[in-house]
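Visitor:
Protein chains: 2
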Amino acid sequence: MRSSPVGLHRVAEPPGVLPQAAERLDTDPRVHDDEVRVRVERLNLDAASYRQLHTKHGGDPDRIRAEVAEIIETRGKMHNPVTGSGGMLIGVVDEVGPRSPLGLRPGMRVATLVSLTLTPLKITDGLVRWDGRSEQVPAEGHAILFARSIAAELPADLPPELSLAVLDVCGAPALTSRVVASYAAPTVAVLGAAGKSGSLSLAAARRAGAKRTVGVVPNETEAGRLRASGLADEVVLADARDPIALAEAVGGTGADVTVVCVDVPGCEHGAILATASGGTVIFFSMATSFSAAALGAEGLAADVTMLIGNGYVPGHAELALDLLRAEPSLRKIFEDRVETE
Amino acid sequence: MRSSPVGLHRVAEPPGVLPQAAERLDTDPRVHDDEVRVRVERLNLDAASYRQLHTKHGGDPDRIRAEVAEIIETRGKMHNPVTGSGGMLIGVVDEVGPRSPLGLRPGMRVATLVSLTLTPLKITDGLVRWDGRSEQVPAEGHAILFARSIAAELPADLPPELSLAVLDVCGAPALTSRVVASYAAPTVAVLGAAGKSGSLSLAAARRAGAKRTVGVVPNETEAGRLRASGLADEVVLADARDPIALAEAVGGTGADVTVVCVDVPGCEHGAILATASGGTVIFFSMATSFSAAALGAEGLAADVTMLIGNGYVPGHAELALDLLRAEPSLRKIFEDRVETE
């Protein structure tokens, strides 16, 4: 079978669907011309997936480990059937097909930036080195990358956990950067500005030409952290679910670009009301409701462009890692977050 | 209390929320400086709302009528608490506050383009003239428009039902037009192209400079209707929920602009896969899943801009009505749809 850039040839069942929608993938270690095989070192399970398994098994590490191993063996991928989520993996490039466009070479240490829910994965050690107590899963085996997969080389100058934390959210600063650069000297408001995607987006906005950046945080602890970083021109306290309070906190006629990085439901109307006419709202939160955003903007007669935060923008990994290297205060926020996780 | 452009001063409870989120609105007929009062002639209930009431009451028209009257009396607005939806209304402008920016004059016959879920509404005839058998509700009473509400004058040269059908979806052609005009001679694919928002979007795309328009329809009946209209350069049959089939039907490297007007879930991955790198997907369907779109684009490493279809774009009503007047074949599609509804 000819290989497909999106991996159709690896779909074992049902036929004709994309790998993410597949019940089971083919994990054959022989690579097609445009594929790459990676020797797996570690899986990072999606937090929601691990939480579900932890709850289901009452925290019993042996039962959690057994179920993860069974999911991977049965489905040929780590795709939690309940949460629908996967995670990412770290490994070393083993073999690169002659027509692979990914720019990888054998021996490179990489993180995959596409979800495990669509990555063919075979585990050979039964996950025996995993204690079952966290999302970090040491593992032996192999994974397959397609022509349209994405993987980033882990930089030698940064601790791997730090790189991973950055790569996990690297779509946000890249898209923020692109949107901010399309305005002339805009005001940019970031909701959830002291978090990982929020602080990266703030740094990206300033570098892309924002005239004024406003970091919105929910409490004094986060405000203190953000003020100390100097990443925002202004730090304001507001509940992003309260449209009136949020619009007042952002002030003036609203932001030209509003970036939503708060992972709680109900922030759509506030984000719209806090945005100036002709402005853009970028929704990165997975808790965003499509209909609340669409109907909210219509109900407010708000002429704002509303973007679904696409996690992929060409060059996103490099841009995010460069920001971390250039901004010591951004790095500190990430180091603190990685430590407490 | 000072009046607010978004109607905060009309929120009776709970205080501090936007009118759409309010439990109850104040329907006092005295207008504030920036408000407009409309004498109501007819309500058009949202289809999902009417269907829910019809099912709940086993189709009994008296019970349906009683519940609608009670909702309006209790909440001060027609906001179905189960479906969360409202509808729109037709009426005649009664009084215009001296600072109203809406450009309305007493005596104008208008349709409100903001949802009934945020419009203060008082009914005085108990809906006695309504037979309870359709979404069209003859009614007497008054409604209040805020400074940021939107209303369009019903044109004298078109039957009111036709105008209403156009105004109901007028956000789609306006946003399509804006996006298409931002590309140089793009290919535009419209999913659900024989429907109301789809056919309007096709006509708008051509007028805004599309080089090639592709209308995607699910069956031969709709294909025949669309071919006869001549609105699309190409008419193709595909199930929009099947990503592979859809991408093949659109063909080439994909559309520069893909407009999703299909009101069924599961069209996100297909729309993304059918769109060229650097292209834009506009989601107008309320069945769109935010996370399916965000994760789908990331999983496909697709550099596409994804827009939440905002129902409000300045000038949207005029643009849509002008398209209908200019394109006899578009008008025919609407006349056929209005007749069978």
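Residue numbers (numbering that gives the first Met the number 0), protein chains in the order written: chain A, 0 to 340; chain B, 0 to 340.
A virtual CB, placed ideally from N, CA and C, is assigned to each residue, including glycine.
Considering only the alpha carbon of each residue, which of A:VAL67, A:THR274, A:ASP93 and A:PRO97 lies closest to GLY106 of chain A?
Guide: A:ASP93
Visitor: At 9 Å on the CB atoms, spell out the chain A contacts of GLY310 of chain B, in chain order.
Guide: ALA293, LEU294, ALA296, GLU297 and GLY298
Visitor: Under a CB-based cut-off of 9 Å, is GLN135 of chain A close to chain B?
Guide: Not flagged as an interface residue toward chain B: GLN135 of chain A, since no C-beta distance is shorter than 9 Å.
Visitor: Among A:LEU24, A:ALA20, A:ILE89 and A:LEU199, which has the Cα closest to the Cα of ARG9 of chain A?
Guide: A:LEU24
Visitor: For SER200 of chain A, would you say it is in contact with chain B, using Cβ-to-Cβ distances shorter than 9 Å as the test?
Guide: no
Visitor: Compare the C-beta of PRO18 of chain B with all C-beta atoms of chain A and state if any pair is closer than 9 Å.
Guide: yes
Visitor: Which bits of chain A does LEU117 of chain B rub up against, with CB to CB less than 8 Å?
Guide: Neighbourhood of LEU117 of chain B in chain A, by CB distance below 8 Å: GLY298, in chain order.
Visitor: Starting from PRO137 of chain B, trace the beta strand (DSSP E) both ways and give me its first and last residue.
Guide: For PRO137 of chain B, the uninterrupted beta strand (DSSP E) run begins and ends at 135-137, by DSSP.
Visitor: Going along the region 226-245 of chain A in order, which residues come within less than 9 Å of chain B, judged by CB to CB distance?
Guide: ASP241, PRO242, ILE243 and ALA244
Visitor: Comparing C-alpha positions only, which one of B:ALA65, B:GLY15 and B:GLY140 sits nearest to ARG36 of chain B?
Guide: Here the closest residue by C-alpha is B:GLY140.
Visitor: Would DSSP call GLY125 of chain B helix, strand or coil?
Guide: coil
Visitor: For a quick check, are the C-beta atoms of ALA151 of chain B and GLU317 of chain B less than 9 Å apart?
Guide: In contact: ALA151 of chain B and GLU317 of chain B (Cβ atoms closer than 9 Å).
Visitor: Give the straight-line distance between the Cα atoms of ALA237 of chain B and SER328 of chain A, rounded to the nearest whole angstrom.
Guide: 51 Å
Visitor: Quick one: what's got a C-beta closer than 6 Å to SER176 of chain B's C-beta in the same chain, skipping five residues either side?
Guide: Contacts found: ALA203 and ALA207.
Visitor: Which residue's Cα is closest to the Cα of ASP335 of chain A: A:ASP232, A:ALA273, A:ALA291 and A:VAL165?
Guide: The shortest C-alpha to C-alpha distance from ASP335 of chain A to any of A:ASP232, A:ALA273, A:ALA291 and A:VAL165 is the one to A:VAL165.
Visitor: Contact check, TYR49 of chain A vs ILE149 of chain A under 8 Å by CB: the rounded distance?
Guide: At roughly 23 Å, the Cβ-Cβ gap does not stay under 8 Å, so TYR49 of chain A and ILE149 of chain A are not in contact.
Visitor: Going by CA-CA distance only, name the one from B:ARG1, B:ASP232 and B:LEU157 that's closest to ALA192 of chain B.
Guide: B:ASP232
Visitor: Does the beta carbon of LEU272 of chain B sit closer than 9 Å to a beta carbon anywhere in chain A?
Guide: yes
Visitor: So which residues on chain A does PRO172 of chain B lean against when the C-beta distance must stay under 8 Å?
Guide: Correct list: empty, because the minimum Cβ distance to chain A is about 15 Å.
Visitor: Taking the alpha helix (DSSP H) that LEU88 of chain A belongs to, which residues open and close that run?
Guide: Looking at the DSSP string, LEU88 of chain A is not in any alpha helix (DSSP H); the run it does join, the beta strand (DSSP E), is 86-95.
Visitor: For SER198 of chain A, count neighbouring C-beta atoms within 10 Å of its own C-beta (all shown protein chains included) and say buried if the count is 16 or more, exposed if not.
Guide: buried
Visitor: According to DSSP, is PHE283 of chain A part of a helix, a strand, or is it coil?
Guide: coil
Visitor: Suppose you measure from the CA of GLY253 of chain A to the CA of THR304 of chain A; what does that come to, to the nearest Å?
Guide: 14 Å
Visitor: Identify the contact partners of THR287 of chain A in chain B, using a Cβ-Cβ distance below 7 Å as the criterion.
Guide: PHE289
Visitor: Compare the C-beta of THR304 of chain A with all C-beta atoms of chain B and state if any pair is closer than 9 Å.
Guide: yes
Visitor: With a 10 Å radius around its C-beta and 16 neighbouring C-beta atoms as the bar for buried, classify VAL67 of chain B as buried or exposed.
Guide: buried
Visitor: Would you kindly work out how many angstroms separate the C-alpha atoms of THR54 of chain B and ASN43 of chain B, rounded to a whole number?
Guide: 18 Å
Visitor: In the DSSP assignment, find the unbroken beta strand (DSSP E) run with LEU144 of chain B in it and report its ends.
Guide: 140-144
Visitor: Which ranges does the alpha helix (DSSP H) cover as unbroken runs of at least 4 residues, wholly within the region 224-266 of chain B, from first to last along the chain?
Guide: 242-249
Visitor: Is it true that the CB of VAL215 of chain A sits closer than 9 Å to the CB of LEU190 of chain A?
Guide: It is a contact, given that the beta carbons lie within the stated cut-off.
Visitor: Below 8 Å between beta carbons is the criterion; list the residues of the region 135-149 of chain B that meet it against any residue of chain A, in chain order.
Guide: ARG147, SER148 and ILE149
Visitor: Verify whether the separation of the beta carbon atoms of MET408 of chain B and LEU163 of chain B is less than 9 Å.
Guide: Any property of residue 408 of chain B remains undetermined from this structure, which presents chain B solely from 0 to 340.
Visitor: For VAL179 of chain A, which residues in the same chain have their Cβ closer than 8 Å to its Cβ, ignoring the five residues on either side in sequence?
Guide: PRO185, VAL187, ALA203, ALA204, ALA207, GLY208, ALA209 and VAL256
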